[in-house]
Amino acid sequence: MIFLLSQKVLDITKYIELVFTDYTLRTITLGTAILGAITGMLGSFAVLRKQSLLGDAISHAALPGIAIAFLITGAKDTNTLLVGALVSGLIGTFWIKSIVTKTHLKSDTALGLILSVFFGFGMLLLTFIQKQPNANQAGLDKYLFGQAATLVESDVWMMAIVTGLCLIVMLTFWKEFKILLFDADYTKTLGFNTRTIDVLITVFIVIAIVLGLQTVGVVLMSAMLLAPAAAARQWTNSLATMVFLAAIFGAFSGVFGTAISASQNNLSTGPVIVLVASVFVGFSFIFSPSRGLLFKQIRVIKNRRDLELHKTLAFMYHIAETHENISHPHTIKILNNFQGYTKNTLSKLVDKGYVELNGKMWSLTQDGFKTASNLYNQQNEINE
Amino acid sequence: MNSAQLEIQLIASIVAVACAIPGTFLVLRKMAMISDAISHAILPGIVIGFFITQDLNSPVLILLAALTGIITVVLVEYIQKTGLVKEDTAIGLVFPALFSIGVILIAKNANDIHLDVDAVLLGELAFAPFDRLLIGGTDVGPKSLWVVGSILLVTITLLILFFKELKVSTFDKGLAASLGFSPAVIHYGLMSVSSITTVGAFDAVGAILVVALMIAPAASAYLLTTDLKKMLALAISFGIFSAIFGYWVAHWLDASIAGSITTVLGLVFLLVYLFAPTKGIIAVMYREKQQQTEVSLLTFLLHLKNHDEIEERHVNHLYEHINWQKIRAKSVLDLAQKNNMILIENNIVSLTQKGDEFTSKAIDYIMTNEDAQIEDMKADFFLFRG
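Quick note, the sequences are listed as chains A and B, same order.
Numbered per the numbering used here, the first sequence finishes at 1338, counting up by one with no gaps.
Numbered per the numbering used here, the second sequence finishes at 392, counting up by one with no gaps.
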């Protein structure tokens, strides 16, 4: 067991060494990390604006752009194809917006429609290109699921530059982004041009998605946008912290995903990165201290216990009230028919110093009487 | 046209109809994206089912995969209920994770599985006629024709049996519950039918294009009618038309049949979106412009009613006073004159009796009633619209 463990540690150190020395692995790791960071960052805005599925629609809508860019230029240069993807992603996005504002179709219908129709059109073009005589077309279908292995250094530079640009713009317009996110009407009354800010955010989301197409592919790209942001949301209520955390989660999903897929044969990077990001989400859902399911459940149980305690105390208070001396002892038996009462609650009340036990008799202390009467008053106030 | 071509078109049409029926209800219930989630999330179900049965058309596989679809729906609803993330984020988190598992399963077992990722996305409609169903040694047709045929039969039977319940629960959940139809049963019934249809259609048109077949015909139909039966009929006809026309486009381009069916669906929607008589984009923009002019007209009439002074009612003064451009002012004046609301004498504008009456009534309506009622009043008074 220990031997196996040390073997594992050795493997991991070896892998880390490899990341720094091996060109391909270094490029891919760096590329997926940057990609995760930028999508996590911009994804936070998408999630908070309730546009989570917009990312799904945009990434699918980018496919025909790639095919058309190839048909027009005949070149397989990544940047040309991504410009095509950007244009068709933007067309898809604005068509969705126009369907929602101009017709009575709802946003889910608009999203699903544009997503599937654009994707279908893209597949039509891809299959059409595959049947063409020139042999240059092979490899376009890597944009479906992404192939991180095809990343080269210039792609990583490109991602880094775009990320830097996004960061600069985001910091410059931080205030505007933030206020639009939480109170769009107020933003308008302050005299900001909400439409411009809105378009700016949307364009950046589209850019982030397009950047990821080569690595993760059109089908799974939306998860890269959502998962880090959804995970980060669980840990904080501050926008700045959330964006920062989402970037970290995204970057780690990229690094871990690359490591896992590199360690095995036949494991494409895109789906693995998505799964790692999903694990982050699951972990955050359960273990986040303030919102997580685990601590929420613990709080529920604790509240229920407190309530039972208070119920018992209130019942005792009603009995004690009828006597001149509040510490007049009563038998435990009279509590038996009361549903909040258990031996446990009684001993807890004793621990808190609200009640004194004397053989089979109990009596309220001064402290307990005061607490119970406050409890009672508060309840009355709420009822009033 | 040979028999294989005929069979492909028949299968495509049946898939289109089978998808259009649940799709209509999904669109009306604002759950269109659920179909996207289901179509992705059934992939691991299909792969695991394939390991067990070794046959893509086996009923066991279809049920198993459909079960995955229902699990997805339950999972999405569970995450929504925790309130940790917004509703749509829950959908967006669940299906990529399940789809990734499916893709990884396929990739890891590439050697023992005759499923490849292209088939997952696009289906293999072109090969459907080669996989025949043999009963007692006789050829009774392609297997997938029987599969999608029986799914369609079940869907239509359920639709006819529960049409009333579906209709009531779609448009008025509260009423449906008070009439004693359990919303949960109808909801999960619809989800099950959608899942089974998606799995059945998956083989023919692939994961993502199922979504197009469900949503696009229904969305197009919704822009043309508000009657549920008509909407269903229209969605079905759009589906069949796109299936057959799409097949011939693919034949001509020598490209993917599923992709071309979707493209035709998209074109159908684009045409409807542009030209639908009352809800199309052109009609909407025309109406918006009309209303703009009519509101201007009303403002103008109110101005006239408030001012008796001659200098306030001079035509040239209007351009400056209400701050309208010349063309706009002229079109408003023309409209008012055509409707006999005003008289122009020596460039001085005055209200006619009809104009006066309309204006008083309009003030009344604006003060006391909802905005919508002014449309009826316009219909009473206007001979020509803006």
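Every residue, glycine too, gets a C-beta built ideally from N, C-alpha and C.
Since we're looking at a predicted model, the values are computed, not measured.
Cα-Cα separation, residue i to residue j
{"i": "L1193(A)", "j": "D340(B)", "result": "55 Å"}
{"i": "I1252(A)", "j": "I1050(A)", "result": "43 Å"}
{"i": "A47(B)", "j": "D61(B)", "result": "19 Å"}
{"i": "L996(A)", "j": "Q1320(A)", "result": "59 Å"}
{"i": "K4(B)", "j": "I162(B)", "result": "Outside the displayed range of chain B (7 to 392) lies residue 4(B), so it cannot be described from this structure."}
{"i": "V217(B)", "j": "S1215(A)", "result": "30 Å"}
{"i": "L1247(A)", "j": "S1238(A)", "result": "9 Å"}
{"i": "L276(B)", "j": "K360(B)", "result": "43 Å"}
{"i": "H1272(A)", "j": "V79(B)", "result": "50 Å"}
{"i": "H1014(A)", "j": "A18(B)", "result": "23 Å"}
{"i": "V255(B)", "j": "I263(B)", "result": "8 Å"}
{"i": "I1053(A)", "j": "S1061(A)", "result": "8 Å"}
{"i": "L1135(A)", "j": "A1000(A)", "result": "10 Å"}
{"i": "T30(B)", "j": "P223(B)", "result": "8 Å"}
{"i": "A1138(A)", "j": "P1225(A)", "result": "36 Å"}
{"i": "Q297(B)", "j": "K344(B)", "result": "16 Å"}
{"i": "G206(B)", "j": "V160(B)", "result": "12 Å"}
{"i": "Q1101(A)", "j": "T986(A)", "result": "11 Å"}
{"i": "V91(B)", "j": "I1163(A)", "result": "21 Å"}
{"i": "N1312(A)", "j": "K1250(A)", "result": "38 Å"}
Within-9 Å CB hit, residue i to chain A
{"i": "T365(B)", "result": "no"}
{"i": "I214(B)", "result": "yes"}
{"i": "H46(B)", "result": "yes"}
{"i": "P102(B)", "result": "yes"}
{"i": "F133(B)", "result": "no"}
{"i": "F208(B)", "result": "no"}
{"i": "G98(B)", "result": "yes"}
{"i": "V109(B)", "result": "yes"}
{"i": "M291(B)", "result": "yes"}
{"i": "T78(B)", "result": "no"}
{"i": "L127(B)", "result": "yes"}
{"i": "T88(B)", "result": "yes"}
{"i": "M237(B)", "result": "no"}
{"i": "Q15(B)", "result": "no"}
{"i": "L271(B)", "result": "yes"}
For residue j and residue i, believed in contact at Cβ under 8 Å, the rounded distance
{"i": "L1174(A)", "j": "F105(B)", "result": "7 Å"}
{"i": "G908(A)", "j": "M347(B)", "result": "Outside the displayed range of chain A (955 to 1338) lies residue 908(A), so it cannot be described from this structure."}
{"i": "S1006(A)", "j": "T95(B)", "result": "4 Å"}
{"i": "A1016(A)", "j": "V1037(A)", "result": "At roughly 11 Å, the Cβ-Cβ gap does not stay under 8 Å, so A1016(A) and V1037(A) are not in contact."}
{"i": "T983(A)", "j": "V1209(A)", "result": "6 Å"}
{"i": "S1042(A)", "j": "G1019(A)", "result": "3 Å"}
{"i": "G265(B)", "j": "F1075(A)", "result": "7 Å"}
{"i": "N353(B)", "j": "V321(B)", "result": "4 Å"}
{"i": "V23(B)", "j": "G245(B)", "result": "6 Å"}
{"i": "V1170(A)", "j": "I1227(A)", "result": "6 Å"}
Contact with chain B by residue i, beta-carbon distance below 9 Å
{"i": "L989(A)", "result": "no"}
{"i": "Q1168(A)", "result": "no"}
{"i": "R1245(A)", "result": "yes"}
{"i": "P1225(A)", "result": "yes"}
{"i": "I982(A)", "result": "no"}
{"i": "A1202(A)", "result": "Sequence check: residue 1202(A) is Ile here, not Ala. It does not; no Cβ of chain B falls within 9 Å."}
{"i": "M1077(A)", "result": "yes"}
Proximity of residue i and residue j at Cβ, strictly below 9 Å
{"i": "G1009(A)", "j": "I1159(A)", "result": "yes"}
{"i": "R35(B)", "j": "L238(B)", "result": "no"}
{"i": "F1234(A)", "j": "F1206(A)", "result": "yes"}
{"i": "L303(B)", "j": "A342(B)", "result": "yes"}
{"i": "L1289(A)", "j": "M1315(A)", "result": "no"}
{"i": "V290(B)", "j": "K1056(A)", "result": "yes"}
{"i": "A1184(A)", "j": "L99(B)", "result": "yes"}
{"i": "P283(B)", "j": "L230(B)", "result": "yes"}
{"i": "S1232(A)", "j": "A103(B)", "result": "yes"}
{"i": "L111(B)", "j": "I54(B)", "result": "yes"}
{"i": "G75(B)", "j": "I267(B)", "result": "no"}
{"i": "L1329(A)", "j": "T1299(A)", "result": "no"}
{"i": "R138(B)", "j": "V146(B)", "result": "yes"}
{"i": "A1021(A)", "j": "L1079(A)", "result": "yes"}
{"i": "L271(B)", "j": "S248(B)", "result": "yes"}
Chain-ordered chain D contacts of residue i [CB-CB under 7 Å]
{"i": "A1181(A)", "result": "The structure shown contains no chain D; the protein chains it does contain are A and B."}
At which residue ranges does the region 299-386 of chain B contain complete beta strand (DSSP E) runs of 3 or more residues, listed in the order of the chain? Taking 3 residues as the minimum length, the beta strand (DSSP E) runs contained wholly in the region 299-386 of chain B are 348-351, 354-357, in order along the chain.
Of all the alpha helix (DSSP H) runs that stay within the bounds of the region 34-119 of chain B, which reach a length of 4 or more residues? For secondary structure counted as the alpha helix (DSSP H) over 4 or more consecutive residues, the region 34-119 of chain B holds these complete runs in sequence order: 38-59, 65-88, 93-114.
Segments assigned alpha helix (DSSP H), at least 4 residues, entirely inside the region 989-1049 of chain A: Fully enclosed alpha helix (DSSP H) runs of 4 or longer: 1006-1015, 1017-1027.
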